[in-house]
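Numbering (our numbering), first residue to last: 66 to 340.
We treat Cβ as the ideally placed atom computed from N, Cα and C, and that holds for glycine.
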């Protein structure tokens, strides 16, 4: 399968390159196409569509997902759970770590069972998390070795690039760095302890908790908000500046420019949120 040095070229027509993210020039050059680099223009949601080059055998493989393990809850070591993103918001992670550290053993077990980490089964039984990366990293930082996971898909019969193509098609992989730049899946760490801090992802979570927007099940929705804020709010250096950034971001979240973002809610009640 043809690859471009970032994601497989076949990722394409259905994979949505999110608001505010810029596409590296090298990607355009290697694919040999002009790719729109301004994915956010006057609040309009845009999709960069690239021609998929996928063989019929690859497509046939997608129909072989095994459904017999769907919904199964597992108790896994955190080392067995692999991320599908490059970054996370460390302020949010620290808040979660403190919360978990304050729980008794029974309370922690109940909390983790109530919020299993959704995972996809890949080749050789490898488990890839599609959400709750912040929870997993917080557990790791708290030196908690196990978590509960729920299998949402079994793609273990799909090999190589075709696996990541299917993951991208379903919106289950997000290989963007802390600057909003797209990378290949090789940039994704093998464990949540390797996730890089994206300050704007933390900002997005505090804005959400303050009522700036509504939590939504759309994959990587908070990263879309992080990208939106990244191009509009200066990076802070103090707690005071961060709190001011949260208040500014809450107002931006209710502006017409944010209308197309997941969880937009101009009428939601605003509360104060501080780290």
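Have a look at residue i and residue j and give me their C-alpha separation to the nearest angstrom.
i: residue 143; j: residue 277; result: 32 Å
i: residue 228; j: residue 203; result: 28 Å
i: residue 138; j: residue 214; result: 6 Å
i: residue 96; j: residue 167; result: Low per-residue confidence applies at residue 96: pLDDT is 31, beneath 50, and the placement is therefore not dependable enough to give any value.
i: residue 274; j: residue 289; result: 16 Å
i: residue 315; j: residue 187; result: 38 Å
i: residue 180; j: residue 136; result: 13 Å
i: residue 332; j: residue 319; result: 8 Å
i: residue 302; j: residue 309; result: 11 Å
i: residue 149; j: residue 247; result: 13 Å
i: residue 82; j: residue 239; result: Residue placement at residue 82 is poorly supported in this model, since its pLDDT is 35, which falls under 50; the coordinates still yield a value, given next. Each residue's alpha carbon lies about 9 Å from the other.
i: residue 216; j: residue 190; result: 11 Å
i: residue 177; j: residue 171; result: 10 Å
i: residue 125; j: residue 195; result: Residue confidence is low: residue 125 scores 46 on pLDDT, short of 50, so the model does not pin down where it sits. No coordinate-derived value is stated.
i: residue 219; j: residue 250; result: 19 Å
i: residue 298; j: residue 147; result: 31 Å
i: residue 231; j: residue 305; result: 43 Å
i: residue 293; j: residue 225; result: 32 Å
i: residue 283; j: residue 321; result: 20 Å
i: residue 174; j: residue 140; result: 11 Å
i: residue 359; j: residue 300; result: The chain is shown only over 66 to 340; residue 359 falls outside these bounds and no answer can be derived.
i: residue 269; j: residue 223; result: 34 Å
i: residue 221; j: residue 328; result: 32 Å
i: residue 307; j: residue 169; result: 32 Å
i: residue 134; j: residue 313; result: 45 Å
i: residue 255; j: residue 241; result: 15 Å
Where does residue i fall in DSSP's three states?
i: residue 160; result: helix
i: residue 208; result: coil
i: residue 23; result: What the structure shows of the chain is the stretch from 66 to 340, and residue 23 is not part of that stretch, so it cannot be assessed.
i: residue 275; result: coil
i: residue 248; result: coil
i: residue 75; result: Model confidence at residue 75 stands at a pLDDT of 34, short of 50, so the residue's coordinates are unreliable; what they give is reported in the following sentence. Coil at residue 75, not helix or strand.
i: residue 172; result: helix
i: residue 199; result: helix
i: residue 283; result: coil
i: residue 140; result: strand
i: residue 149; result: coil
i: residue 226; result: helix
i: residue 134; result: coil
i: residue 264; result: helix
i: residue 238; result: coil
Quick check: does the Cβ of residue i come within less than 7 Å of any heavy atom belonging to the ligand ATP?
i: residue 214; result: Inclusion of the ligand ATP in the displayed structure is not the case, the ligand content being empty and no account of it being possible.
Name the residue from the options whose alpha carbon lies nearest to the alpha carbon of residue i.
i: residue 253; options: 198, 281, 314; result: 198
i: residue 235; options: 185, 165, 326; result: 185
i: residue 330; options: 224, 161, 233, 280; result: 280
i: residue 208; options: 323, 165, 317, 237; result: 165
i: residue 287; options: 170, 245, 178, 299; result: 245
i: residue 291; options: 243, 255, 306; result: 243
i: residue 426; options: 192, 211, 191, 190; result: This structure leaves residue 426 out entirely; the chain is present only between 66 and 340.
i: residue 261; options: 158, 134, 140; result: 158
i: residue 296; options: 271, 284, 323, 283; result: 323
i: residue 271; options: 145, 160, 141, 140; result: 160
i: residue 423; options: 307, 285, 313; result: The first residue shown for the chain is 66 and the last is 340, placing residue 423 beyond what the model contains.
i: residue 205; options: 162, 192, 241; result: 162
i: residue 182; options: 169, 257, 222; result: 257
i: residue 237; options: 222, 317, 192; result: 192
* Report yes or no: do the segment 254 to 272 and the segment 143 to 154 share at least 3 C-beta pairs separated by less than 8 Å? => Because the criterion of three Cβ pairs below 8 Å is met, the segment 254 to 272 and the segment 143 to 154 touch.
* **Those runs of the beta strand (DSSP E) which lie wholly inside the segment 294 to 330 and span at least 3 residues** => Correct list: empty.
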